[in-house]
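Visitor: One structure coming up, written as structure tokens, with questions to follow.
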Amino acid sequence: MAFTKDDFKNKIEEIQKESWYKQPLGFGIARVDRGQLNKDKILQATFPVVNWKENYGSAAVFLNALKEAGIEVDTSKSEFVCSVSDAFLTSCIETFRPYIPEAKGQDHKNVQIVSKLASLPIDTGFTEDDYKVVFIFEDETVQSVEAAYLKLYALSSGKAALRSLNLNGIFGTLHNCAWVGNKPVELDWLRENEISLKLTGKYPEITMVDKFPRFLSHIIPADNVRILETSKVRFGAQLAGGTTVMPGAAYINFNAGTEGAVMVEGRISSSAKVGAGSDVGGGASILGVLSGTDGVPVTIGENTLLGANSCTGTAIGDGCILDAGVTILPGTKITLSEKAVEALKEINPGKEISTSMKGSDFQGVNGVHFRVNSTTGQTIAMRSTREVKLNADLH
Amino acid sequence: MAFTKDDFKNKIEEIQKESWYKQPLGFGIARVDRGQLNKDKILQATFPVVNWKENYGSAAVFLNALKEAGIEVDTSKSEFVCSVSDAFLTSCIETFRPYIPEAKGQDHKNVQIVSKLASLPIDTGFTEDDYKVVFIFEDETVQSVEAAYLKLYALSSGKAALRSLNLNGIFGTLHNCAWVGNKPVELDWLRENEISLKLTGKYPEITMVDKFPRFLSHIIPADNVRILETSKVRFGAQLAGGTTVMPGAAYINFNAGTEGAVMVEGRISSSAKVGAGSDVGGGASILGVLSGTDGVPVTIGENTLLGANSCTGTAIGDGCILDAGVTILPGTKITLSEKAVEALKEINPGKEISTSMKGSDFQGVNGVHFRVNSTTGQTIAMRSTREVKLNADLH
Amino acid sequence: MAFTKDDFKNKIEEIQKESWYKQPLGFGIARVDRGQLNKDKILQATFPVVNWKENYGSAAVFLNALKEAGIEVDTSKSEFVCSVSDAFLTSCIETFRPYIPEAKGQDHKNVQIVSKLASLPIDTGFTEDDYKVVFIFEDETVQSVEAAYLKLYALSSGKAALRSLNLNGIFGTLHNCAWVGNKPVELDWLRENEISLKLTGKYPEITMVDKFPRFLSHIIPADNVRILETSKVRFGAQLAGGTTVMPGAAYINFNAGTEGAVMVEGRISSSAKVGAGSDVGGGASILGVLSGTDGVPVTIGENTLLGANSCTGTAIGDGCILDAGVTILPGTKITLSEKAVEALKEINPGKEISTSMKGSDFQGVNGVHFRVNSTTGQTIAMRSTREVKLNADLH
Numbered sequence: 001m002a003f004t005k006d007d008f009k010n011k012i013e014e015i016q017k018e019s020w021y022k023q024p025l026g027f028g029i030a031r032v033d034r035g036q037l038n039k040d041k042i043l044q045a046t047f048p049v050v051n052w053k054e055n056y057g058s059a060a061v062f063l064n065a066l067k068e069a070g071i072e073v074d075t076s077k078s079e080f081v082c083s084v085s086d087a088f089l090t091s092c093i094e095t096f097r098p099y100i101p102e103a104k105g106q107d108h109k110n111v112q113i114v115s116k117l118a119s120l121p122i123d124t125g126f127t128e129d130d131y132k133v134v135f136i137f138e139d140e141t142v143q144s145v146e147a148a149y150l151k152l153y154a155l156s157s158g159k160a161a162l163r164s165l166n167l168n169g170i171f172g173t174l175h176n177c178a179w180v181g182n183k184p185v186e187l188d189w190l191r192e193n194e195i196s197l198k199l200t201g202k203y204p205e206i207t208m209v210d211k212f213p214r215f216l217s218h219i220i221p222a223d224n225v226r227i228l229e230t231s232k233v234r235f236g237a238q239l240a241g242g243t244t245v246m247p248g249a250a251y252i253n254f255n256a257g258t259e260g261a262v263m264v265e266g267r268i269s270s271s272a273k274v275g276a277g278s279d280v281g282g283g284a285s286i287l288g289v290l291s292g293t294d295g296v297p298v299t300i301g302e303n304t305l306l307g308a309n310s311c312t313g314t315a316i317g318d319g320c321i322l323d324a325g326v327t328i329l330p331g332t333k334i335t336l337s338e339k340a341v342e343a344l345k346e347i348n349p350g351k352e353i354s355t356s357m358k359g360s361d362f363q364g365v366n367g368v369h370f371r372v373n374s375t376t377g378q379t380i381a382m383r384s385t386r387e388v389k390l391n392a393d394l395h
Numbered sequence: 001m002a003f004t005k006d007d008f009k010n011k012i013e014e015i016q017k018e019s020w021y022k023q024p025l026g027f028g029i030a031r032v033d034r035g036q037l038n039k040d041k042i043l044q045a046t047f048p049v050v051n052w053k054e055n056y057g058s059a060a061v062f063l064n065a066l067k068e069a070g071i072e073v074d075t076s077k078s079e080f081v082c083s084v085s086d087a088f089l090t091s092c093i094e095t096f097r098p099y100i101p102e103a104k105g106q107d108h109k110n111v112q113i114v115s116k117l118a119s120l121p122i123d124t125g126f127t128e129d130d131y132k133v134v135f136i137f138e139d140e141t142v143q144s145v146e147a148a149y150l151k152l153y154a155l156s157s158g159k160a161a162l163r164s165l166n167l168n169g170i171f172g173t174l175h176n177c178a179w180v181g182n183k184p185v186e187l188d189w190l191r192e193n194e195i196s197l198k199l200t201g202k203y204p205e206i207t208m209v210d211k212f213p214r215f216l217s218h219i220i221p222a223d224n225v226r227i228l229e230t231s232k233v234r235f236g237a238q239l240a241g242g243t244t245v246m247p248g249a250a251y252i253n254f255n256a257g258t259e260g261a262v263m264v265e266g267r268i269s270s271s272a273k274v275g276a277g278s279d280v281g282g283g284a285s286i287l288g289v290l291s292g293t294d295g296v297p298v299t300i301g302e303n304t305l306l307g308a309n310s311c312t313g314t315a316i317g318d319g320c321i322l323d324a325g326v327t328i329l330p331g332t333k334i335t336l337s338e339k340a341v342e343a344l345k346e347i348n349p350g351k352e353i354s355t356s357m358k359g360s361d362f363q364g365v366n367g368v369h370f371r372v373n374s375t376t377g378q379t380i381a382m383r384s385t386r387e388v389k390l391n392a393d394l395h
Numbered sequence: 001m002a003f004t005k006d007d008f009k010n011k012i013e014e015i016q017k018e019s020w021y022k023q024p025l026g027f028g029i030a031r032v033d034r035g036q037l038n039k040d041k042i043l044q045a046t047f048p049v050v051n052w053k054e055n056y057g058s059a060a061v062f063l064n065a066l067k068e069a070g071i072e073v074d075t076s077k078s079e080f081v082c083s084v085s086d087a088f089l090t091s092c093i094e095t096f097r098p099y100i101p102e103a104k105g106q107d108h109k110n111v112q113i114v115s116k117l118a119s120l121p122i123d124t125g126f127t128e129d130d131y132k133v134v135f136i137f138e139d140e141t142v143q144s145v146e147a148a149y150l151k152l153y154a155l156s157s158g159k160a161a162l163r164s165l166n167l168n169g170i171f172g173t174l175h176n177c178a179w180v181g182n183k184p185v186e187l188d189w190l191r192e193n194e195i196s197l198k199l200t201g202k203y204p205e206i207t208m209v210d211k212f213p214r215f216l217s218h219i220i221p222a223d224n225v226r227i228l229e230t231s232k233v234r235f236g237a238q239l240a241g242g243t244t245v246m247p248g249a250a251y252i253n254f255n256a257g258t259e260g261a262v263m264v265e266g267r268i269s270s271s272a273k274v275g276a277g278s279d280v281g282g283g284a285s286i287l288g289v290l291s292g293t294d295g296v297p298v299t300i301g302e303n304t305l306l307g308a309n310s311c312t313g314t315a316i317g318d319g320c321i322l323d324a325g326v327t328i329l330p331g332t333k334i335t336l337s338e339k340a341v342e343a344l345k346e347i348n349p350g351k352e353i354s355t356s357m358k359g360s361d362f363q364g365v366n367g368v369h370f371r372v373n374s375t376t377g378q379t380i381a382m383r384s385t386r387e388v389k390l391n392a393d394l395h
């Protein structure tokens with residue numbers, strides 16, 4: 001009674017036709033960290049693999065296995081989270097059987113995970129309740145820590161585009177913790193044990209206190225990505241291949257990042273994104289939507305240089321330069337010479353360009369060089385005559 | 001022969017009436033880290049609890065126990081430090097007896113500490129000399145590492161106000177060390193063992209070289225405080241509840257900090273403080289008194305926004321905005337329109353406001369919006385028309 | 001048959017006269033870290049001691065020992081790397097014999113290293129192939145990881161001057177790794193083991209992903225150097241005694257650094273250097289040669305203050321001040337009053353100083369105060385009237 005790959009496909013089709021079945025946006029199996037005092041508090045969910053708009057066969061296997069294990073999956077809600085039971089694993093393995101021999105390396109990772117879980121030695125210290133199967137059916141307000149992490153994984157792995165996900169509710173869902181390496185620790189647990197830990201020299205080295213973990217605690221970047229300090233990239237950020245993040249003033253928040261090779265020595269605030277070949281100079285600030293701005297996400301084009309200590313609060317096009325120290329906010333009044341207007345019109349056909357513009361008027365205008373005239377203090381824009389090119393050695 | 005809480009109170013009163021008794025400003029019991037080569041060098045003092053202008057009963061118990069243990073406590077000096085002996089602990093426990101049953105959780109922490117110390121197993125690796133009882137009687141120049149730490153604890157725990165303590169002598173007292181996690185290591189010890197450690201792959205991961213430890217190595221922050229990278233807050237800083245410290249260009253030095261919920265993405269230099277509801281933008285610099293300034297501490301008011309990469313070298317009032325990139329030093333000449341003067345006078349009755357002011361003239365002036373006119377380069381001030389409000393999700 | 005110090009000297013002279021002998025620029029013995037998957041990939045080389053234009057006696061001993069161990073050393077190439085064999089160690093020890101009794105502490109470190117290696121217990125987990133003897137004969141393009149590290153050690157230990165070494169090829173030679181403490185890990189190894197590591201809670205704490213390690217993983221700084229966060233100084237940087245590196249926006253890249261006591265709260269980019277007594281203010285940027293500039297290395301003179309969030313892209317002299325927020329690029333037009341021209345000429349005899357200068361004209365001009373006139377927006381230069389002096393407590 002062999003079960004072949006064809007049988008597998010037939011079975012998946014069957015499952016997908018069932019009335020209760022609903023195709024998820026994303027799903028995966030996670031190991032969770034729980035509170036030291038409050039075991040019901042999920043502090044972190046670690047996914048070895050996330051599936052986002054893909055691998056629907058595995059989704060069907062997982063959903064069917066839950067059903068077979070006697071779990072009622074409510075696919076009418078936006079998300080579903082459930083402990084991984086032996087019955088669930090057994091059912092998954094049964095269905096995945098024809099793929100198990102080839103589930104190695106980068107192939108069939110969902111199969112690898114259930115195989116690995118089924119074969120974990122008893123003494124790992126983890127129980128069934130420490131593993132969760134997680135589904136997101138609709139991109140609604142975040143309801144659970146596990147779904148919050150699944151969305152952040154989708155962003156940081158590059159499977160979901162920046163700004164494409166509904167992250168409402170995420171601050172309310174995640175718990176503020178002390179982090180000891182990759183491990184979240186309740187602040188109350190520290191309070192309860194402070195005297196004993198301190199007197200015996202066992203007080204832990206806390207690297208941060210936050211709701212979000214760090215990008216590098218969950219994501220293995222592309223080979224040509226460099227992050228010179230882990231704290232500089234929050235989980236939920238997205239870094240395209242070739243991106244380098246320096247350790248000075250740089251920072252990339254969640255739901256922000258790069259869309260190609262970018263040198264990052266400044267801040268890319270939440271919801272901001274930077275195009276391929278661009279250079280965010282030392283201390284340059286790209287404003288975000290969380291604090292102190294008008295809430296419009298900022299996009300920086302390709303091959304654009306934001307000079308050291310510049311500040312950008314509005315969209316900037318391709319092939320632009322902001323000189324070091326220059327600030328362009330949406331309302332900044334910028335003066336252009338007649339010659340500059342002509343030169344910019346030539347390469348930006350159809351764009352409205354005039355001798356007096358505001359920062360926000362430059363959306364989609366390419367090849368602009370923004371400067372402050374150091375003899376008059378006037379902020380000016382002109383046709384950029386220098387090509388911005390990243391150092392090929394570094395990206 | 002019961003010893004009741006009333007007996008305890010009577011005993012404390014007796015002690016406090018004795019001629020040698022002096023009420024301390026602060027006191028506590030610390031575990032100390034000593035030099036690896038020079039055991040006489042105290043590198044760090046870790047207090048599970050500090051008492052600052054409080055818990056005088058415990059102070060009396062400790063002082064009396066020292067006396068009973070045969071130690072002569074010189075209360076005429078500004079500070080007193082002494083090893084914790086078995087005799088001292090026995091006496092403390094004897095006196096604390098009526099409180100021992102209820103010394104749990106957040107109650108009677110001084111009692112908990114002596115109980116814990118008395119019951120430490122023999123094989124902890126620590127000896128009597130690794131625990132110190134520390135008193136500060138007068139706020140004078142710092143004389144010992146233990147007293148330096150006690151003062152820094154008083155600041156970082158919020159028990160002493162920022163700028164309220166005499167920290168003279170602190171740089172001379174503390175030793176520069178390599179830090180391996182929370183543990184200080186003498187640079188000379190590294191030098192002596194460099195060859196062996198490196199050849200055997202045991203050279204430690206050194207996270208910093210400094211005289212001061214990090215805030216998070218000693219202090220458990222309030223539940224709604226976030227510090228996204230431990231190096232960003234030096235021990236001796238003070239963070240009020242709701243403060244968030246981001247990992248880009250932020251930094252808070254000792255004897256500096258926040259007085260309410262504040263978003264910190266910039267630098268709060270030594271002696272500077274920031275009021276509730278304010279936002280220190282990415283890369284914003286609040287100048288301090290240690291380097292390159294005229295030594296007047298800077299205070300930032302409430303609900304004030306210091307824009308990204310702005311720089312502030314003088315006091316700023318409540319409800320003010322510095323645009324991104326704006327620099328206001330004490331001598332900066334700032335121009336106001338007649339309309340701006342009127343509008344600012346209206347909400348700042350009694351303040352001298354005119355069409356030409358210097359940065360330092362704005363002390364105590366509220367509701368000011370500082371900008372650079374991008375068509376003239378002129379630094380101007382006007383009535384701020386925008387309310388600065390922190391994102392409630394983040395604080 | 002004693003072998004005395006005189007015998008040693010005679011033997012060295014003999015070796016140095018041999019036709020195959022060539023005096024190296026630098027040499028040393030390193031322990032190497034290899035790839036977890038690809039054992040042929042050298043990820044890091046840790047030298048307990050590096051020799052740079054010094055200790056030629058030890059060089060002769062090492063080269064001779066290699067020859068005696070049957071290794072053919074090709075001294076015609078720019079560098080040579082070879083595993084440390086028992087035969088090599090035996091020969092070294094034989095020749096070093098008269099120095100072995102006094103090889104302790106800071107004396108005869110090359111002798112200490114071979115003694116230590118010869119006496120390592122068998123169960124260290126390391127083999128002969130984990131130790132390499134490394135020579136650089138000519139300062140050519142870097143060919144091997146070991147030689148790359150030797151050059152970076154020469155810079156960071158202060159044995160070779162900043163900008164004095166040929167570092168071409170270094171980015172191509174070093175491998176991008178995840179770093180777990182001081183240990184480099186292949187990203188591919190993480191990928192291969194991600195599922196297992198994450199499910200069992202053993203995924204490592206990765207502190208960075210980069211080709212270069214951190215300065216403090218290899219170098220023990222002078223007693224009066226402070227580095228408040230290890231990520232802020234890349235290996236290959238050079239910090240003179242008295243330098244303090246703060247944890248806000250500071251960063252010092254490889255082949256960059258300080259030539260005396262300097263306060264560093266800003267960025268010293270690759271190839272930039274700063275003279276004694278200077279202060280690089282919070283967020284100040286000194287541009288480098290790797291990204292977004294014209295490739296001329298920037299030198300900052302002595303006792304010069306670069307104000308907070310200032311930006312410098314050209315050489316600045318001694319005793320200068322850049323006000324907070326001021327940007328001086330090579331092409332920045334700077335206006336001087338007649339009075340300022342006279343005052344600057346007086347202290348800079350022979351220098352061309354006029355009422356209209358560019359940033360790059362100020363190379364070698366001392367005592368200049370750069371400001372932006374806040375009533376006109378004009379960038380101006382004048383005679384500095386304030387002495388820049390570091391706080392003696394801090395350096």
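Protein chains in written order, with the UniProt record's numbering: chain H, 1 to 395; chain G, 1 to 395; chain D, 1 to 395.
For glycine and all other residues, C-beta sits at the position ideal for the given N, C-alpha and C.
S337 of chain H: which of H:N373, H:N193, H:E79 sits nearest, CA to CA?
Guide: S337 of chain H has its Cα closest to that of H:N373, out of H:N373, H:N193, H:E79.
Visitor: Please tell me whether V289 of chain G and S310 of chain G are closer than 8 Å, where the distance is taken between their beta carbons.
Guide: No, they are not a contact pair.
Visitor: Determine, using beta carbons only, whether I220 of chain G comes closer than 8 Å to chain H.
Guide: It does; some Cβ of chain H falls within 8 Å.
Visitor: Anything in the segment 35-68 of chain H with a Cβ closer than 9 Å to a Cβ of chain D? List those residues in chain order, please.
Guide: Correct list: T46, F47, P48, V49.
Visitor: What is the DSSP secondary structure of C82 of chain G, reduced to helix, strand or coil?
Guide: Reduced to three states, the DSSP call for C82 of chain G is strand.
Visitor: To test your reading of the DSSP string, which unbroken alpha helix (DSSP H) runs of 4 or more residues are found completely within the segment 85-140 of chain D?
Guide: Here the runs fully enclosed are 86-96, 109-118.
Visitor: State the Cα-Cα distance for the pair S360 of chain G and A256 of chain G, rounded to the nearest angstrom.
Guide: Cα to Cα, S360 of chain G sits roughly 20 Å from A256 of chain G.
Visitor: Quick one: does E102 of chain G have its CB under 8 Å from some CB of chain H?
Guide: False, the Cβ-Cβ gap to chain H never drops below 8 Å.
Visitor: Taking just the CA atoms, how far does N10 of chain G sit from Q16 of chain G?
Guide: When rounded, the distance between both Cα atoms is 10 Å.
Visitor: Could you check what DSSP says for W20 of chain D in three-state terms: helix, strand or coil?
Guide: It is coil, neither helix nor strand.
Visitor: Where do the N-terminal and C-terminal ends of the alpha helix (DSSP H) with K151 of chain G fall, by residue?
Guide: Residues 145-156.
Visitor: Closer than 8 Å by C-beta to Q378 of chain G: which residues in its own chain qualify, once you throw out the five before and the five after it? Chain order, please.
Guide: Answer for Q378 of chain G: T335, V372, listed in chain order.
Visitor: Taking the straight line between their C-alpha atoms, what separation do you get for W52 of chain H and I195 of chain D?
Guide: Each residue's Cα considered, the two are about 17 Å apart.
Visitor: Run down chain H in chain order and give the residues with a C-beta less than 7 Å from the C-beta of F171 of chain D.
Guide: Going along chain H in sequence order, the residues near F171 of chain D (Cβ under 7 Å) are D393, L394.
Visitor: Quick check: the segment 201-209 of chain H against the segment 226-236 of chain G, are at least 3 beta-carbon pairs closer than 8 Å?
Guide: Touching, yes, given that three or more Cβ pairs across the two stretches are closer than 8 Å.
Visitor: Secondary structure at S231 of chain D, three-state DSSP: helix, strand or coil?
Guide: In this structure, S231 of chain D counts as helix in the three-state DSSP scheme.
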